[in-house]
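Undergrad:
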Amino acid sequence: MALADRFRRARNKSPAAGRGGDVEDPFDEEFLRQLELLQVVARRIISGRQRAERKTKKVGSGLEFADHREYTPGDDIRNVDWGVLARLNQTLIRLYEEDEDLPLRVVVDVSDSMMTGDAHKLRFAQKIGAALAYVGLSNLDRVGVTVMSGKIHETLPAVRGKGRIFRVFDFMRTSARGGPTDIAAGCKRVAAQSNQPGVTVVLSDFYDLAGAFEGLNLLRFQKHEPVCIQVLDPAEADPRASALRGDVTLVDCEGAGRRDVTVSPALLERYAEAHERFRSTLESKCRARGIPYFRADIDQPFDELVLKVFRRGGVLR
Amino acid sequence: MRFAGWSLAELAVLFGAAGAAITGLYLLRMRRRQVVVPFAELWEQLDRETDTRKLWRRLRRLFSWLVQMLLLLLLCLALGDPRPQWWFSEPRTVAVIVDVSASMDAPAGDDGMLRLDAARARVEAELAALGHRDRVVVIAAGPEPRVVVPLSDADARGGQAADGLQGPGQALATLTPRPGRADMDAALTLARNAVAGYPAPELLVVTDGALAPDDARAVAACATGPLACRVAQVGARAATQTDDDAGGPIDDSADNLAITAFAARRYPGDRQKVEVLAEIRNLGATPRDFVFDVLADGVSVGKKQLHLEAGARTRELLPELDAARARLEAKLLPVEGGAALPGTAMDDTAWAVVPPLDPIDVTLVSDGSDLFLEAALLALDDHVRLGAVGTDLDAAAREALEDADLVIFDVADAPLPDPLPGTHLVVFDPHRLEDSPFEQILPKKQDLRRPRLTEQDRKHPILDGVVFKDVNMSRGTSFQTEATDLALVKHLGEPMVVLRERPERAVLAIGFDPRQSDLPLRVAFPLLVANVVDYFEARQPGFVATIPAGTSRELTYAQLGLGRATGVTSLQVTAPDGTQRVLRARDGRFRLLADDTGIVHLEVLDGDAAGAGVDLAVNLADAQVSDLRPRLPELPEDADASAPPPPAPPTDGPLWTMLLGICLIILAAEWTTYHRRRTV
């Protein structure tokens, strides 16, 4: 059965909009067609890799040689390197990288800052997250989804199998949203909930000056392999082209306060520069700590971004 | 300033109330447009960097409040309908008299501007200073005054311009210097009549001050007269220094070289040659070298380089010039490589018409016994048309005597005709017989036996070269003279040769018979006869070859060489520029005003001389007009209007409309800036 047909059936059964029903459904048929195409392309990119071939950093019963160590009693003698023993008369045990199916967790920021305008950023993040989940499920990985904000933290426990993608859709569609951005708190809870570290993709605008990188770093400390995808609206990042001028009261969408400013072209230019500074700082910090960073402008096709993530690696190996 | 609308108290109340309301509204917090942003932290970070802008924001609010208060003030003023005080006063009526005499053609300074240009600018400033209810008339004071801008107020002047008629500016642009003087007396009279009966009349004379004495006196009298009269002296410096005794530089701004007289005559013996007489004056403070050139048909026939000291005059005679044409032109030119001639160019050129050489009609009444006299007259046949009649005069003979220019009676013992002809007479021994009709003309005083001609007036042209010394005669008579008579020759104080000049004719009475003297045997006799004929010929109503420009002059046909033309009622005048006009003539006279220098052609249109034409030269030929130095007497201080008045306010309409216009402009500016602040 084609995925689109299954989707229609599942959609008919599922609640229409859930708590986020005021937002346009991002998982329409067109999205599913793109997912099917994406799966084919992704398969080529990661061709030759089989189920559970993604390597952990554990040394165990995998097939790929990792190292030697001294034999100790109790070791499986099948792992003794007989060649070394014959040549050097040393009894060494061959260590292999343990093949383990690493869980993929998709963390989507559902704070109010992701829903300004027509919630384009949130829908874009949901699409990316769903696409990654779909590809992961297609590769028989365990995929979990978490939505987070300063006051919301809902998690879809890890599921396996391609057919579970609709649960992912339903979860994303019906989960709560809103509240302030709090990347650090969200990531802390994700790390606490995950008894098995894995690849954790964080999708957010990271509009949190203090905690943006802190959360990612926290995941890293907890043995996760965080991936940073910063979802941005170009009109918000560089409002110079907008008609925003004059004396206005800027109201923070997350209730952080109000501020009277006089918007001039010079101020807009400085804002654009500051925003770019903020983004590049986050990117450089991520790169400095080996955290993959991707910029996701909402005016880009999401599938291109997903393929870029695959090509540059880090999410699926 | 007065308020014609709301009173000042009402306006103050309105302004106070509305101002308080505006201020109150401004004191309330201005509601700003709210804009929801996803990342206010970043905006705050920026805003902290721009704290200095807070001061400007506060100032801008103050500025905005001030703008609103200004708008309110302007609106209140508009409601008050303010009007300047002078709008409520009587309008002025100004007559501006602009000097357009020849001196206004002189440069006003070193910038190439003419004195008339300066006068025009002064008049334009005066017009600009007039209120919209003021009336003005502009009169050009040339040889004859002319109204340039008729009496009108601002609305009428604007209406003229709107209707495509000549407005004041265009009319002033047509002003040109006229050759001749400025008849200020006539111009001022015209100006007084123009403003008479109107409120607040006043006169303004704009002149360079280089006026003839009569005109200067007229201006001075106007300035001190009962009617308000101001004088604006433009273009020329108030006084001209004639030498550098004071140690300062010589002021040559009013220097001028002028041809003040130019005439030509043809030689009787050689009609291809002419003799030219010119008078040239240096009317400046600097000696000048120049070239005097005489041209016929544009070809130079006589040229002379001259030098004239400051203030000097020279009369130049250029004899025997080859000029078959009747028209001559004289020019003053700078010497080669020298500076241009100073002053106006109008008097640097003069024209002359060589007069025709018609002989004089002389009729001799004689018994035929005086062959010496006849011989002397016949010797003059080049310019004498001689006729002779006997002593028995019939009607035809008497008519011939009346038509003659000069009748010479040498009748010996025959009686003189009674009455004597009304023409010029020369009578030898008129009282030879008793009861002579000559008694009515010049009575006899006494008979003289063997008189000796002891005294003679050698300076008189009749006696030029004539010597009566030792002339012997047997008898003679003396005459009873009047004070106006001229005794040319006397015998011991007794007048024996008397010349009586009257406007209608002249009579020369010679109190002896040549036959009874040895005078005919002397060289003096033919000289005397020739001098007498020349004198009377010169006294003929001579050919008028030159008339001064700018003056109206009455002329007769005879003066134009048309003799006794009858039936003439009109003549056509062709001016130097080719324009033609017709003059009406009556009783052999007509009045001609030549207002351009050059050659004027007159042609008789009807009568028995129809088709006859004659040329006349029109020259400036007036040293007073050519004198460019200001000659105005000291004027009262309040009559000095040399400084132009300040221009009138830019609007002559109600001020409230202007105030509302300013309000609209401010509102438009504010609206524009407001929409620049429009937010999304």
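Note that the protein sequences, when read in sequence, are chains G and C.
When we follow this note's numbering, the leftmost residue of the first sequence carries the number 1, and every step to the right adds one.
When we follow this note's numbering, the leftmost residue of the second sequence carries the number 1001, and every step to the right adds one.
Cβ atoms here follow ideal geometry from the backbone N, Cα and C, with glycine treated the same way.
As the structure is a prediction and not an experimental result, all values here were calculated from the model.
1) Please list the partners that Leu1046 of chain C has in chain G, where partner means a Cβ-to-Cβ separation under 7 Å.
2) Between Ser1669 of chain C and chain G, is there a C-beta pair that is closer than 8 Å?
3) Here's a check: name, in chain order, each residue in its chain whose Cβ is nearer than 6 Å to the Cβ of Val1604 of chain C, leaving out the five neighbours to either side.
4) Under the DSSP definition of a beta bridge, which residues are partnered with Glu1279 of chain C?
5) Given that Asp118 of chain G touches chain C, what residues does it touch there, using C-beta distances under 8 Å?
6) Please list, in chain order, the residues of the segment 235 to 250 of chain G that have any C-beta partner in chain C closer than 7 Å.
7) How close, in whole Å, do the beta carbons of Trp1006 of chain C and Gly1109 of chain C come, if the pair is a contact with beta carbons under 8 Å?
8) Can we say the segment 1353 to 1370 of chain C touches the segment 1497 to 1504 of chain C, given the rule of at least three CB pairs closer than 8 Å?
9) In the structure shown, what three-state DSSP assignment does Gly1302 of chain C receive?
10) Measuring CB to CB, does Phe1428 of chain C end up less than 8 Å from Asp1410 of chain C?
11) State the Cα-Cα distance for the pair Gly1024 of chain C and Leu1075 of chain C, rounded to the nearest angstrom.
12) Starting from the beta carbon of Trp1065 of chain C, find every residue of chain G whose beta carbon is closer than 9 Å, and list them in chain order.
13) Taking the alpha-carbon positions, what's the Ala212 of chain G to Asp25 of chain G distance?
14) What residues in its chain sit with their C-beta under 6 Å from that of Leu1277 of chain C, if we drop five residues either side in the sequence?
15) Please state the DSSP three-state secondary structure of Cys253 of chain G.
16) So what does DSSP say about Pro1249 of chain C, is it helix, strand or coil?
17) Is the segment 1474 to 1487 of chain C close to the segment 1519 to 1537 of chain C, with three or more CB pairs under 8 Å?
18) Run through chain C and tell me which residues come within less than 8 Å of Ala256 of chain G, C-beta to C-beta.
19) Going by DSSP, what residue range makes up the alpha helix (DSSP H) through His120 of chain G?
20) If you drop the 5 nearest sequence neighbours on each side, which residues of the same chain put their C-beta closer than 6 Å to that of Pro1417 of chain C?
21) Could you tell me whether any Cβ in chain C is nearer than 8 Å to the Cβ of Glu53 of chain G?
22) Is it true that the CB of Thr1597 of chain C sits closer than 8 Å to the CB of Leu1620 of chain C?
23) Rounded to the nearest angstrom, what separates Val40 of chain G and Arg173 of chain G at their Cα positions?
24) Mind listing the chain C neighbours of Cys228 of chain G? Cutoff is C-beta to C-beta under 7 Å, in chain order.
25) If I measure Cβ to Cβ from Leu1583 of chain C and keep anything under 7 Å in the same chain, skipping five residues before and after, which residues do I get?
26) Note down, in chain order, each residue of its chain lying with its Cβ closer than 8 Å to the Cβ of Phe354 of chain G, except the 5 sequence neighbours on either side.
27) Could you tell me whether the segment 168 to 186 of chain G touches the segment 109 to 116 of chain G, using the rule of 3 or more Cβ pairs below 8 Å?
28) Per DSSP, Val261 of chain G is paired with what?
29) Would Ala1487 of chain C and Phe1536 of chain C be called neighbours here (beta carbons separated by less than 8 Å)?
30) Interface residues of chain C around Leu209 of chain G at Cβ under 7 Å?
31) Would you be able to state if there are at least three C-beta pairs under 8 Å between the segment 1032 to 1046 of chain C and the segment 201 to 211 of chain G?
32) Who are the Cβ neighbours of Gln230 of chain G in its own chain at under 6 Å, not counting the five residues just before and after it?
33) Is Ile1441 of chain C buried or exposed, if buried means 16 or more other CB atoms sit within 10 Å of its CB?
34) From this set, C:Gly1588, C:Asn1531 and C:Ser1642, which residue's C-alpha is nearest Ala1379 of chain C's C-alpha?
35) Quick one: what does DSSP say Arg87 of chain G is sitting in, helix, strand or coil?
36) Leaving out five residues before and five after Leu1655 of chain C in sequence, what residues of the same chain have Cβ atoms less than 7 Å from its Cβ?
TA: On the basis of the data shown:
1) Leu267, Arg270, Tyr271 and Ala274
2) Note on residue identity: the sequence assigns Ala, not Ser, to residue 1669 of chain C. By this cut-off, Ala1669 of chain C is not an interface position.
3) Val1568, Leu1571, Ala1610 and Ala1612
4) C:Ala1261 and C:Arg1315
5) Neighbours of Asp118 of chain G on chain C: none; closest Cβ ~13 Å, over 8 Å.
6) Glu236, Ser242, Ala243, Leu244, Arg245, Gly246, Asp247, Val248, Thr249 and Leu250
7) The Cβ separation is near 53 Å, so there is no contact.
8) no
9) strand
10) yes
11) 19 Å
12) Residues of chain G passing the Cβ test: none, with the nearest at roughly 15 Å.
13) 28 Å
14) Ala1263 and Leu1317
15) coil
16) Bear in mind that a pLDDT of 47 at Pro1249 of chain C, under 50, signals an unreliable position, so the model cannot answer this.
17) no
18) Ala1040 and Glu1041
19) His120 to Ser138
20) Leu1393
21) Per-residue confidence for Glu53 of chain G stands at a pLDDT of 46, beneath the threshold of 50, marking its modelled position as unreliable; the derived number appears in the next sentence. Chain C contact via Cβ: absent.
22) yes
23) 25 Å
24) The premise fails here: Cys228 of chain G is roughly 17 Å from chain C at the closest Cβ pair, so nothing lies under 7 Å.
25) Ser1570, Leu1571, Val1573, Phe1590 and Leu1592
26) This structure leaves residue 354 of chain G out entirely; chain G is present only between 1 and 317.
27) yes
28) G:Val248
29) no
30) Glu1041
31) yes
32) Phe206 and Arg295
33) buried
34) C:Asn1531
35) helix
36) Pro1082 and Arg1083
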